[in-house]
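If you read the sequence shown in the numbering used here, its first letter stands for residue 59, the second for the next number, and so on.
Since the structure comes first, as structure tokens, the remarks are kept for the end.
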Amino acid sequence: MRIAAYLRKSVKGDENSISIDAQLEIIKNYFNKEKCKYIVYTDDGFSGGSTNRPAFQKMIDDAHNNKFDAVACYKLDRMARNTLDFLNTFDELQKIGVDLVCVQDNYDPRTPAGKMMMTLLASLAEMERENIKRRAIDGMYSLAKQGRWSGGTPPYGCVASEGIGGKYLEIEKKEEILYIFNQFSIGNSMWKISKEVGITPRNLGTVLRNPIYLISDAISNKYLSTIGYKVIGEPNGNGYMTYKYNKFIKDKMVNLAVITQNKGIINSTLWIKVRERLRALEHVPPRISTKSWLAHKIICKQCNKIMSINYGSIRKDGTRPMYFRCKKNCFSGIRVDEIEDKIFSTLKNGNLEKILNKNDENIEFNIAENIEKQLKKKKKMYDGFLEKSALASTAVAKSMLDKAEQLSLEIEELNVQYTKYQIVLNNKSKKNEMLKNKELAKNEFIKHFNKINLEDKQNLINIIFDKLVWDGDNLLIY
């Protein structure tokens with residue numbers, strides 16, 4: 059057996075402390091019935107208050123290089139006087155398969171009592187790690203509630219600056235960030251924007267999702283709540299800083315959005331529009347860029363799923379037509395070339411405002427009103443389950459609480475939908491501006507149709523139309 063004998067004496071010449079030689083003799087006597095080879099590590103004159111000792115550090119390095127099987131010391135306090143240092147050392151040695159034997163304390167993991175002690179020490183080490191983690195999280199939470207920057211790399215376009223009571227973020231690249239949000243909101247791809255501004259698409263996605271740039275107002279607070287954030291602070295036009303926090307280590311992590319000191323620069327309408335487009339893109343399969351500029355734009359009214367493009371049978375002339383079909387085959391397929399011709403003709407000859415308003419007049423109001431009714435009904439059911447569960451037996455109460463939890467998830471989803479339509483209703487004044495962008499996109503599409511590539515056509519169609527819905531007989535345009 060290869061043993062690392064660790065010896066330490068705090069102050070040279072201290073007669074009240076056992077000598078280095080005596081410590082080594084005690085260790086060797088303990089293992090006298092075994093064939094052992096010793097490597098001796100001696101820190102003479104070093105305090106146990108820190109692990110920054112030359113022989114100790116050399117021993118840890120050698121342990122990682124598999125130079126011995128066990129570390130032996132006279133007493134636990136020879137390794138470290140600080141509990142955390144000792145637990146960390148114990149944990150490190152245990153992970154690399156090196157035993158720790160403390161002779162005078164009768165701690166030897168090869169014995170039943172030693173195994174029990176090892177389990178206890180492992181539990182203490184884990185508890186101490188969790189305590190450290192908890193203190194770090196609590197510290198960040200304390201900073202979060204004050205809207206202060208807790209450290210790390212600042213978000214894109216931001217710098218950390220000293221303020222009253224700590225560090226706060228400031229947005230420096232305001233014009234660039236505004237440009238990014240505006241370009242994405244009108245349908246430009248993340249790849250195209252990232253190429254223009256010189257950051258990766260992944261980092262661009264982080265920018266577009268970060269509420270640090272969002273101007274706090276009542277709508278912002280409501281929207282952030284519906285997508286899973288616990289909002290701290292009153293809306294004042296400043297941005298939001300986000301943190302993850304859990305009250306207890308084993309609890310579910312909570313996302314915090316704290317109104318901070320920096321001024322926001324993206325209004326809630328634009329930020330939410332961008333966020334909703336990001337959410338939609340997460341569920342959209344890749345474009346079929348070689349088949350149609352309407353790919354992934356037509357939705358089946360029956361199942362509310364995107365209609366994919368499929369090939370039909372080969373005709374006598376050798377051609378093979380393509381059809382839009384939903385996976386459930388709710389309706390018969392529609393010819394891709396025919397629907398493209400119809401859309402192109404509609405755009406070329408029709409008034410865009412009339413085309414778009416034909417099908418969506420009062421639709422947002424009706425949807426919002428319907429969602430509000432569902433919310434009231436489900437909230438009433440939720441409250442009823444909670445009240446009844448307090449008086450019911452354990453088994454019945456559990457069933458009721460399970461139903462209440464399911465209702466809570468449904469209410470949360472309805473809140474997201476309701477907020478989205480409320481925003482549309484509250485921002486009708488911006489309709490003319492949106493229509494202007496759609497009109498520009500339409501003119502670009504018609505004028506340069508034969509010159510632009512398929513991807514650009516798809517991007518322009520995404521700006522012009524929110525969605526195209528097939529009901530089996532007609533194509534509804536929104």
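Quick reminder that beta carbons are idealized off the backbone N, C-alpha and C, glycines included.
These numbers come from a predicted model, not from an experiment.
Short Cβ contact (8 Å threshold) for residue i with residue j
i: N320; j: L262; result: no
i: E230; j: V255; result: no
i: V156; j: A121; result: yes
i: S243; j: Y281; result: no
i: C358; j: W528; result: yes
i: I367; j: M380; result: yes
i: G297; j: T264; result: no
i: I61; j: A128; result: yes
i: I522; j: A499; result: yes
i: R18; j: R393; result: Within the shown structure, residues of the chain are numbered from 59 to 536, placing residue 18 beyond reach of any answer.
i: Y64; j: F104; result: no
i: L533; j: L526; result: yes
i: I76; j: Y132; result: yes
i: R136; j: R66; result: yes
i: N279; j: P269; result: no
i: I429; j: Y369; result: no
Spatial distance of residue i from residue j (CA atoms)
i: E73; j: Q81; result: Low confidence applies here, because E73 scores a pLDDT of 49, under 50, leaving its location unreliable and the question unanswered by this model.
i: D101; j: V316; result: 50 Å
i: A351; j: E150; result: The amino acid at residue 351 is misidentified as Ala; the sequence shows Trp. When rounded, the distance between both Cα atoms is 59 Å.
i: D163; j: I469; result: 59 Å
i: I364; j: A353; result: 9 Å
i: A218; j: K225; result: 6 Å
i: W249; j: R378; result: 33 Å
i: K125; j: M59; result: 11 Å
i: I273; j: K355; result: 32 Å
i: K461; j: G106; result: 58 Å
i: N246; j: P259; result: 12 Å
i: G322; j: G295; result: 6 Å
i: P112; j: G215; result: 45 Å
i: K91; j: T211; result: 57 Å
i: C384; j: K253; result: 35 Å
i: G172; j: Y165; result: 5 Å
i: K494; j: I324; result: 20 Å
i: K438; j: G291; result: 28 Å
i: I467; j: Y440; result: For the sequence presented, residue 467 should be read as Leu rather than Ile. C-alpha separation (whole angstroms): 11 Å.
i: N520; j: E340; result: 15 Å
i: A276; j: K331; result: 16 Å
i: G524; j: S457; result: According to the sequence as given, residue 524 is Asp; it is not Gly. Roughly 42 Å between the two C-alpha positions.
i: V289; j: V312; result: 11 Å
i: R251; j: K232; result: Checking the displayed sequence, the identity of residue 251 turns out to be Ile instead of Arg. Rounded to the nearest angstrom, the two C-alpha atoms are 16 Å apart.
i: V207; j: V159; result: First, the residue type needs correcting, since residue 207 is Trp and not Val in the sequence shown. Each residue's Cα considered, the two are about 45 Å apart.
i: S68; j: N87; result: 23 Å
i: M175; j: E471; result: 50 Å
i: I346; j: K496; result: In this prediction, I346 has a pLDDT of 46, which is less than 50 and means its spatial position is unreliable; nothing more can be read from the coordinates.
i: D143; j: M185; result: 14 Å
i: Q89; j: K95; result: The sequence given here places Phe at residue 89; Gln does not occur at that position. Answer to the nearest angstrom: the Cα atoms are 10 Å apart.
i: K123; j: P213; result: Going by the sequence as given, residue 123 is Asn instead of Lys. Using only the alpha carbons, I get a separation of about 41 Å.
Assumed close pair residue i, residue j - CB separation to whole angstroms, cut-off 8 Å
i: A130; j: I78; result: Not really, about 14 Å apart at Cβ, beyond 8 Å.
i: T284; j: N473; result: 4 Å
i: L465; j: K431; result: Incorrect: roughly 15 Å between the Cβ atoms, too far for contact.
i: L314; j: Y287; result: 7 Å
i: G530; j: F389; result: 4 Å
i: T177; j: T147; result: Rounded, the Cβ-Cβ distance is 17 Å, inconsistent with contact.
i: L328; j: F239; result: 6 Å
### Task
At 4 residues or longer, and completely inside the stretch 264 to 299: list those alpha helix (DSSP H) runs for me, N to C.
Secondary structure in the stretch 264 to 299: the alpha helix (DSSP H) runs of 4 residues or longer, each lying completely within the stretch, are 276 to 284 in chain order.
### Query
For the stretch 497 to 507 against the stretch 389 to 407, are there 3 or more C-beta pairs whose distance is under 8 Å?
yes
### Query
What are the complete beta strand (DSSP E) segments, minimum 3 residues, inside the stretch 348 to 417?
356 to 358, 366 to 369 and 380 to 383
### Task
Kindly provide the ranges of any beta strand (DSSP E) runs that are 3 or more residues long and lie completely inside the stretch 66 to 103, ordered along the chain.
95 to 102
### Query
Between the stretch 507 to 527 and the stretch 373 to 383, do three or more beta carbon pairs fall short of 8 Å?
no
### Task
Please list the segments of the alpha helix (DSSP H) lying wholly inside the stretch 128 to 171, counting only runs of 4 or more residues, in order along the chain.
As for any alpha helix (DSSP H) of minimum length 4 sitting wholly inside the stretch 128 to 171, the runs are 134 to 137 and 141 to 153, ordered along the chain.
### Message
Extract the residue ranges of the alpha helix (DSSP H) inside the stretch 316 to 342, only unbroken runs of 4 or more that lie entirely within it.
### Response
326 to 340
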